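Data first, discussion second: the structure below is written as structure tokens.
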Amino acid sequence: MKHWTPIFIENSQIPVWLSKLAPIDISAITLGLLVISRGEMDERTRNHETIHYQQYIDLLFIGFILVYLWDWLVGLFWHRHGKIAYYSIRAEQEAYLNDNDYNYLETRKRWVWLWNHKVKSPPYLEKLLELEQEDGEET
Numbered sequence: 001m002k003h004w005t006p007i008f009i010e011n012s013q014i015p016v017w018l019s020k021l022a023p024i025d026i027s028a029i030t031l032g033l034l035v036i037s038r039g040e041m042d043e044r045t046r047n048h049e050t051i052h053y054q055q056y057i058d059l060l061f062i063g064f065i066l067v068y069l070w071d072w073l074v075g076l077f078w079h080r081h082g083k084i085a086y087y088s089i090r091a092e093q094e095a096y097l098n099d100n101d102y103n104y105l106e107t108r109k110r111w112v113w114l115w116n117h118k119v120k121s122p123p124y125l126e127k128l129l130e131l132e133q134e135d136g137e138e139t
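The numbering used here numbers the first residue of the sequence shown as 1 and each following residue consecutively.
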């Protein structure tokens, strides 16, 4: 299963539509077996979304959706900001921290992302807070 990859669909309007509902601008999204992107995907995006696909497999698809939503709600409670809540999701932490390691999927251990990452304190939280502060000063 570690070598399984999703089906990639490029140049779709679906991420554009979903971005209207989300706290971030979605360029690509993994929905079960499919990865849908608004343009052509580079290798890093493919790797990031394949990590999510493997997380879906870890939690038998429906479990991934439940954990993802739970983490977002907990992040929203703790951080009071939709974008920071998104980056605090444990699945996103694993994907963002490893999407530029193109050998990561070969060595990735199942379910570790559930225990190694904390919604309250992602490893890059300080950087997120700095960026949000800068955004607030510009507007």
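Don't be surprised by glycine CBs; every beta carbon is placed ideally from N, CA and C.
Being a predicted model, the structure only gives us computed values, none of them experimental.
Residue from Ala95, Trp111, Tyr87, Ser37 whose Cα sits closest to the Cα of lysine 127: The residue labelled residue 127 in the question sits at position 127 within the sequence shown. Checked all of Ala95, Trp111, Tyr87, Ser37; the closest Cα to lysine 127 is Tyr87.
Arginine 38 to leucine 76 span [Cα, whole Å]: As a working mapping, residue 38 is identified with position 38 in the sequence shown. As a working mapping, residue 76 is identified with position 76 in the sequence shown. If you take the alpha carbons of arginine 38 and leucine 76, they lie about 26 Å apart.
Rounded distance between the beta-carbons of phenylalanine 8 and arginine 46, thought under 8 Å: By one-based count along the sequence shown, residue 46 stands at place 46. By one-based count along the sequence shown, residue 8 stands at place 8. About 7 Å; that satisfies the 8 Å criterion.
Opposing strand residues paired with isoleucine 7 [DSSP bridges]: Position 7 of the sequence shown, counted from the first residue, corresponds to residue 7. DSSP links isoleucine 7 through a beta bridge to Leu34.
Burial state of leucine 22, where buried means 16 or more other Cβ atoms lie within 10 Å: For this step, residue 22 is matched to residue 22 along the sequence shown. Sequence inspection shows alanine at residue 22; the leucine mentioned does not correspond to that position. It counts as exposed.
Cα-Cα separation between asparagine 11 and isoleucine 29, rounded to whole angstroms: As a first step, residue 11 is located in the sequence shown; it is residue number 11 there, counting from the start. As a first step, residue 29 is located in the sequence shown; it is residue number 29 there, counting from the start. Their Cα atoms are separated by approximately 12 Å.
Within the region 75–113, ranges of the beta strand (DSSP E) (whole runs, at least 3 residues): none
Best match in Met41, Leu33, Arg80, Trp78 for proximity to isoleucine 65 [C-alpha to C-alpha]: Working through the sequence shown from its first residue, we reach residue 65 at position 65. Out of Met41, Leu33, Arg80, Trp78, Leu33 has the C-alpha closest to the C-alpha of isoleucine 65.
Beta bridge counterpart(s) of isoleucine 29 as assigned by DSSP: Here residue 29 is taken as the residue at index 29 of the sequence shown, counted from 1. Beta-bridge pairing links isoleucine 29 to Ile36.
Whole-angstrom distance between leucine 31 and isoleucine 14, CA atom to CA atom: As a position in the sequence shown, residue 14 is number 14, starting the count at 1. As a position in the sequence shown, residue 31 is number 31, starting the count at 1. So the two alpha carbons sit approximately 11 Å from each other.
Straight-line gap, threonine 5 to valine 112 (C-alpha atoms, nearest Å): Start at 1 with the first residue of the sequence shown, and residue 5 comes out as number 5. Start at 1 with the first residue of the sequence shown, and residue 112 comes out as number 112. Between threonine 5 and valine 112, the C-alpha separation is close to 19 Å.
Coarse secondary structure for lysine 118, derived from DSSP in three states: Position 118 of the sequence shown, counted from the first residue, corresponds to residue 118. Three-state DSSP puts lysine 118 in coil, outside helix and strand.
Per-residue DSSP class, three states only, for tyrosine 56: Your numbering for residue 56 matches position 56 in the sequence shown. Helix, per DSSP.
Secondary structure of proline 23, DSSP reduced to three states: Translated into positions along the sequence shown, residue 23 becomes position 23. In the structure shown, proline 23 sits in coil (DSSP, three-state: anything other than H, G, I, E or B).
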